[in-house]
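Trainee: Quick one: the structure is below, and I'll ask about it shortly.
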Amino acid sequence: MSEASYEANYEANSRLAGIDTRLYLVTDSVQCRETGRSVAETVREAVAGGVGIVQVRDKDIDDDAFYTLAREVIAAVGSATADTNRRVPVVLNDRVAVAQRLLAEGVHVDIHVGQSDTPVEEVRELVGPETLIGLSAANGAEFSAARESGVVDLVGIGPVYDTTTKTDAPDGIGPDRLSELVDLAGLPAVAIGGISTVRAAELRGRGLIGICVVSAICRAQDPRAAARQLLAEFGDGQAEATQ
């Protein structure tokens, strides 16, 4: 995809307007607890440090507990962005029913699904036209289906590097293959999987709108400082790092 068509695609998507997409945090409840912090405390510090999107992910709790967790994260984001004009979306991983419940209560949330979760067309019908929908995708067929659906706002591509965050994750694809997949995707793309502070600069100039991290912030001694450092290394995502 040409740079011009990519920019047109991105700018035309009003659901992404006003969001700093460069640094996207995916929460891990266990990792946060291991550092002695709650997920909400970690999120508040990370957003204060510059995280622009927060995805709430926890596969080990039921919907009621996830609803409570999501509410805590929403409050933490609100606290971190108070008295600013920042728009930091809270994205729910897979939990469409929880998203519907919060939306019905007048609380805006967004959603991310995987290939084996609720189909994106059905998700759009359930959550309405204003909710951001992210989708994990990894090959040409999945990218094509995402584009043809007309409802996917951004795709997550990875794992870029080997990761232990998900026990069933495949081997890392590497930055060069990532570049090829971003070009193939034809949608705004974020990278995920094993991305650390020292690796963030390697992902500049790859056509990404942002990088997703888990351990780099959830396990950090200082999530605010970690967020700032990741942003400093990734920069605007466009210019390649100076060697």
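Residues 107 to 349 (the numbering used here) make up the sequence shown, in order.
Even glycine gets a Cβ: it sits at the ideal position worked out from N, Cα and C.
Report the residue from 211, 194 and 241 whose alpha carbon sits nearest the alpha carbon of residue 217.
Mentor: Minimum Cα distance to residue 217 is reached at 241.
Trainee: Among 157, 143 and 145, which one has its Cα closest to the Cα of residue 129?
Mentor: Nearest option by C-alpha distance: 157.
Trainee: Go to residue 217, then tell me how far its alpha helix (DSSP H) extends in each direction, as first and last residue.
Mentor: It is not in any alpha helix (DSSP H) - residue 217 instead sits in the beta strand (DSSP E) that spans 216-219.
Trainee: Mind checking whether residue 315 and residue 309 have CB atoms under 8 Å apart?
Mentor: Contact: no.
Trainee: Can you grab the Cα-Cα spacing for the pair residue 236 / residue 257, in whole Å?
Mentor: Near 11 Å, if we compare the C-alpha coordinates of residue 257 and residue 236.
Trainee: Would you tell me roughly how many angstroms separate the C-alpha atoms of residue 323 and residue 155, rounded to the nearest one?
Mentor: Roughly 10 Å between the two C-alpha positions.
Trainee: Would you say the stretch 255-269 touches the stretch 277-285, given that touching needs at least three Cβ pairs under 8 Å?
Mentor: As far as the Cβ criterion goes, the stretch 255-269 touches the stretch 277-285, which means the pair count is three or higher.
Trainee: By DSSP, does residue 297 sit in helix, in strand, or in coil?
Mentor: In the structure shown, residue 297 sits in a strand (DSSP, three-state: E or B).
Trainee: Buried or exposed: residue 247, going by 16 or more other Cβ atoms within 10 Å of its Cβ?
Mentor: Exposed, because fewer than 16 other Cβ atoms sit within 10 Å of the Cβ of residue 247.
Trainee: Assign residue 264 to one of three DSSP states: helix, strand, or coil.
Mentor: Correct three-state label for residue 264: coil.
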